[in-house]
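J.: So for the sequence shown, this note's numbering puts the first residue at 16; every next one is plus one. We treat Cβ as the ideally placed atom computed from N, Cα and C, and that holds for glycine.
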Amino acid sequence: MRLTLGNHYGGNATALAADKEFVYAALETPEAGIGFCRLAIDTGKEVQFKRVEEGKIVNEIDHVCEPKPGSRPASVVTERPGTPNNFDASSAGSSLRGCAVDSANLYISSYWNGKIYVCNKSTAANIKTISVPEVAGIASPADGHLLAISAGAVVKIDTVSGAIEPFISKSQLTAPLGIAIGPDGNIYISERGSAMRVSVFSPDGKKIGIIGKDGGRPVSGVYDQNGMLMPWGLAVDNTGCLWVAEQDFCPRRISVWRVDGKFDREFIGASTYAATGGAINPDDPTMAIDTG
């Protein structure tokens with residue numbers, strides 16, 4: 016089944032979360048701005064949030080965060096060639112880095128604002144914000160608690176009190192961005208920079224392995240399905256397989272990895288924006304070549 020984002024022109028889903036009824040998507044693009052929507056799992060269609068404000072029913076789902084998350088400052092250098100942290104969390108491009116859900120609330124992280132927005136998951140109404148510096152991916156291991164990537168490390172957050180405590184040190188990670196929790200409690204963290212892989216930690220924060228080729232696959236050269244490039248969003252299905260969304264256009268890829276860490280399969284998406292760079296091989300008209 017395909018989930019359809021509807022009339023969100025140019026809407027890139029920067030982060031996803033799900034419960035038994037809905038998939039929740041944080042959206043951000045230059046054309047559409049910042050938004051948030053939910054999609055019914057059984058139909059794949061968008062279901063609008065509804066709430067009453069000043070006596071009126073509000074269906075608008077864009078810009079649910081107040082104050083609105085800021086965009087990346089124009090002065091920020093997002094590529095650091097030759098350094099171990101090239102393509103770190105600051106290079107992800109959007110402000111909304113993570114999304115999580117528990118039985119009552121939605122949580123949306125804004126990297127450039129250093130905040131996690133707590134919203135009612137039925138109405139998307141703002142409840143409060145929690146200040147977390149350079150916050151990227153977030154995940155909810157239990158009601159009222161979050162794990163969050165913050166300034167290159169992982170912290171534990173009590174969403175009721177707002178208390179934050181260290182969990183996984185920065186020294187154990189390389190440019191971390193996304194985070195997910197498996198059914199066994201293991202923690203998966205996507206890493207960029209010189210790593211370009213996923214690191215796996217036990218529920219108590221001890222590193223127990225990696226998934227994907229260390230260093231990933233090259234930006235140009237021979238394609239290697241066993242390597243990731245620009246990994247971001249993560250999800251673990253009920254069989255224990257890890258799904259990895261890669262923030263790259265050549266190709267657009269979601270890779271799937273088995274419990275033992277071995278590559279299982281991949282899904283390749285459409286071409287790059289506007290399908291630029293496509294051509295027909297003049298020596299073999301049955302062959303088309305495209306940058307995506």
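Taking Cβ to Cβ, would you say alanine 140 is nearer than 9 Å to arginine 66?
T.: Yes; because the gap between Cβ atoms is below 9 Å, this pair is in contact.
J.: Can you tell me where the beta strand (DSSP E) with serine 205 in it begins and where it stops?
T.: Residues 202-206.
J.: Taking 8 Å as the cut-off, is the C-beta of alanine 210 nearer than that to any heavy atom in the ligand MN?
T.: Absent from the structure shown: the ligand MN. Ligands present: none.
J.: Roughly how many angstroms lie between the CA atoms of tryptophan 127 and serine 110, to the nearest whole one?
T.: Cα to Cα, the separation comes out at about 6 Å.
J.: What residues in its chain sit with their C-beta under 6 Å from that of isoleucine 145, if we drop five residues either side in the sequence?
T.: For isoleucine 145, where only same-chain residues beyond five positions count, the Cβ hits under 6 Å are Ile131 and Gly177.
J.: Does the stretch 239-257 come within contact of the stretch 195-215, defined as at least 3 CB pairs closer than 8 Å?
T.: Counting Cβ pairs under 8 Å, three or more are found: they touch.
J.: What are the complete beta strand (DSSP E) segments, minimum 3 residues, inside the stretch 251-281?
T.: Within the stretch 251-281, the complete beta strand (DSSP E) runs of at least 3 residues are 257-261 and 268-272.
J.: By DSSP, does proline 297 sit in helix, in strand, or in coil?
T.: The answer is coil: DSSP assigns proline 297 none of H, G, I, E or B.
J.: What did DSSP end up calling lysine 171 once you bin it into helix, strand or coil?
T.: It is a strand residue.
J.: What is the rounded straight-line gap between the Cα of isoleucine 269 and the Cα of isoleucine 179?
T.: For isoleucine 269 and isoleucine 179, the distance between alpha carbons rounds to 32 Å.
J.: What distance in whole Å lies between the Cβ atoms of alanine 195 and alanine 250, which are believed to be in contact at a cut-off of 8 Å?
T.: Alanine 250 to alanine 195, Cβ: 6 Å. Contact.
J.: Which value, in whole angstroms, describes the spacing of the CA atoms of phenylalanine 64 and alanine 41?
T.: Going from the Cα of phenylalanine 64 to the Cα of alanine 41 covers about 14 Å.
J.: Check this for me: beta carbons of serine 137 and valine 150, under 9 Å apart or not?
T.: Their beta carbons are not under 9 Å apart, which means serine 137 does not touch valine 150 by this criterion.
J.: Where isoleucine 310 and aspartate 117 are concerned, what is the direct C-alpha to C-alpha distance, given to the nearest angstrom?
T.: Any question about residue 310 goes unanswered here, given that the chain covers just 16 to 307.
J.: Excluding five sequence neighbours on each side, which residues of the same chain lie with their C-beta closer than 6 Å to the C-beta of glycine 193?
T.: Gly152, Ser205, Trp247, Gly248 and Leu249, listed in sequence order.
J.: Which whole-angstrom value is the C-beta distance of alanine 190 and proline 181, which I expect to be below 8 Å?
T.: In fact, because the Cβ distance is near 18 Å, the residues do not count as touching under 8 Å.
J.: Report the residue from Asp279, Val234, Tyr238 and Gly220 whose alpha carbon sits nearest the alpha carbon of lysine 185.
T.: Selected option, being the one with the closest Cα: Gly220.
J.: From the DSSP secondary-structure annotation, give me the bridge partner or partners of serine 214.
T.: Answer is Ile204 and Ile225, bridged to serine 214.
J.: How would you call glutamine 240, buried or exposed, if buried means at least 16 neighbouring beta carbons within 10 angstroms?
T.: With fewer than 16 other Cβ atoms within 10 Å, it is exposed.
J.: In the structure shown, what three-state DSSP assignment does lysine 143 receive?
T.: In this structure, lysine 143 counts as strand in the three-state DSSP scheme.
J.: State the start and end residues of the unbroken beta strand (DSSP E) segment that holds serine 165.
T.: Looking at the DSSP string, the run of the beta strand (DSSP E) that includes serine 165 is 160-165.
J.: Tell me which residues share the same chain as valine 133 and place their Cβ nearer than 8 Å to its Cβ, disregarding the 5 neighbours each side in the sequence.
T.: Within the same chain, valine 133 has close Cβ partners Asn120, Leu121, Tyr122, Asn141, Ile142, Lys143, Thr144, Ile145 and Thr174.
J.: By alpha-carbon positions, which one of Ser209, Thr254 and Ala33 ends up nearest to valine 234?
T.: Of the listed residues, the one whose Cα sits closest to valine 234 is Ser209.
J.: Just tell me which of Arg280, Ala115, Gln187 and Tyr203 has its CA closest to the CA of histidine 160.
T.: With distances taken between Cα atoms, histidine 160 lies closest to Ala115.
J.: If we count the other Cβ atoms within 10 Å of its Cβ and call it buried at 16 or more, is arginine 112 buried or exposed?
T.: Classification of arginine 112: buried, given that the 10 Å Cβ count is 16 or more.
J.: Determine the burial state of alanine 303: buried for a count of at least 16 other Cβ atoms within 10 Å of its Cβ, exposed for fewer.
T.: Classification for alanine 303: exposed.
J.: Measuring straight from C-alpha to C-alpha, what distance separates cysteine 265 and valine 259?
T.: Their Cα atoms are separated by approximately 15 Å.
J.: Hey, how far is the Cα of alanine 52 from the Cα of aspartate 199?
T.: The residue asked about is misnamed: residue 52 is cysteine in this sequence, not alanine. Each residue's Cα considered, the two are about 29 Å apart.
J.: Which residue comes first and which comes last in the beta strand (DSSP E) that contains leucine 111?
T.: Start and end: 111-116.
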